[in-house]
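Under this note's numbering, the first residue of the sequence shown carries the number 407, and numbering increases by one thereafter. C-beta: ideal position from N, C-alpha, C; glycine also.
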Amino acid sequence: MMLGEAPTRAPADKVARSQGRLKAEPRSCDRPSEEDYRDGSGVFQTTLGEGEGMVKSVSSSFCSRHFSPARLEHYLAECGGDLSAAMRLYEWNAELSAAFWESLSFLEVALRNAIDREMTSIHARKSRSGHWIFDDALELGRDAGGPSRHRQPYLDVSTAIRRDRSNGMPISPGQVISELPFGFWHQMVSKRQSFLWPDLAAAFPNSPRRSQALVHDPVSRLRTFRNRIGHHHRIWSIDSAGRYADLLVVAGFLDVDLRDWVESRSRIPHLIASRP
407 MMLGEAPTRA PADKVARSQG RLKAEPRSCD RPSEEDYRDG SGVFQTTLGE
457 GEGMVKSVSS SFCSRHFSPA RLEHYLAECG GDLSAAMRLY EWNAELSAAF
507 WESLSFLEVA LRNAIDREMT SIHARKSRSG HWIFDDALEL GRDAGGPSRH
557 RQPYLDVSTA IRRDRSNGMP ISPGQVISEL PFGFWHQMVS KRQSFLWPDL
607 AAAFPNSPRR SQALVHDPVS RLRTFRNRIG HHHRIWSIDS AGRYADLLVV
657 AGFLDVDLRD WVESRSRIPH LIASRP
């Protein structure tokens, strides 16, 4: 949960301190001074004014132990060494990441279903038996036994099948598809799979000129962005508004109604606007 807006620096801070609402804040994550503590407990106290957010206690030792100085140094640098503001930025970053993860999950499921439908149709038109995901015709890559960059789709499918078996799940197309990473679907629209186009363009009926690049480029950026979120990296230093635009563009390529639905439920614009 966010702690609210970042405190305004002097002279507002001086006024707050004179009213006893805000104590001097430690300037590093691992070397607080005695004046940073209100009672002797070793816990740094910050009390925000009513309506400014949730009151929390935070200590520099707490930060160092649980989040590490190396992780927080970027936040501290962004906030001029202000630990309280850095932690608000850290919480906001987590909230924005969660909001993106939610919207990305909607897009990812819709994307893989759209590609599955079109690949199934292509498979049927070529009078091939079985499901395309098991790729008996070796269409997922140029060389199933070649360099990893050429056979990665096969490796992804093999990993998904192995995971399903280890979990006692049935090896069905739907189950395997649900286990595939976002990177698999990125590869399906990449230049390495150009032989699937323009047939696969039908999965993106609203993409101009049936262009593979117009689909691949935003999906590629979203993949990199999604990986940052998955590893809990900071995203406040990235063009979050641009990535949100990419998300809506790809959703719109699939279905305008999908784009509108995702947009109507997204918390992302509000969070971007409320950055501390």
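Three-state class that DSSP yields for residue i in the structure shown
i: M575; result: coil
i: F540; result: helix
i: K597; result: helix
i: D645; result: coil
i: G426; result: Note that G426 has pLDDT 41, beneath the 50 cutoff, so the model's placement of it is unreliable and the number below is only indicative. Reduced to three states, the DSSP call for G426 is coil.
i: F588; result: helix
i: V421; result: Low confidence applies here, because V421 scores a pLDDT of 39, under 50, leaving its location unreliable; read the following figure in that light. In the structure shown, V421 sits in a helix (DSSP, three-state: H, G or I).
i: N612; result: coil
i: P604; result: coil
i: P682; result: coil
i: E431; result: Note that E431 scores a pLDDT of 42, beneath 50, so its modelled location is shaky; the value from the coordinates is reported in the next line. Correct three-state label for E431: coil.
i: I528; result: helix
i: H639; result: coil
i: E557; result: In the sequence on display, residue 557 carries Arg and not Glu. It is helical.
i: R534; result: coil
i: G580; result: helix
i: D652; result: helix
i: G658; result: helix
i: D562; result: helix
i: D488; result: coil
i: D436; result: Unreliable positioning characterises D436 in this predicted model, as indicated by a pLDDT of 41, which lies under 50. The coordinate reading is nonetheless provided below. D436 falls in the coil class under three-state DSSP.
i: Y443; result: Note that Y443 scores a pLDDT of 36, beneath 50, so its modelled location is shaky and nothing firm can be said.
Residue i vs residue j beta-carbon contact at 9 Å
i: L586; j: A566; result: yes
i: F590; j: D562; result: yes
i: R616; j: W603; result: yes
i: E484; j: L502; result: no
i: H537; j: P475; result: no
i: R632; j: W507; result: yes
i: S490; j: V464; result: yes
i: L677; j: V656; result: no
Endpoints, alpha helix (DSSP H) assigned at residue i
i: S466; result: 466 to 472
i: P624; result: 618 to 636
i: D663; result: 662 to 671
i: R477; result: 475 to 484
Given residue i as reference, the closest of the options once Cα atoms are compared
i: M594; options: L502, R557, R615; result: R557
i: D522; options: S613, W498, L660, A647; result: L660
i: G487; options: L664, S466, R568; result: S466
i: H638; options: N499, A647, S600; result: N499
i: M525; options: H592, L654, A607; result: A607
i: S643; options: V621, Y481, G574, R531; result: Y481
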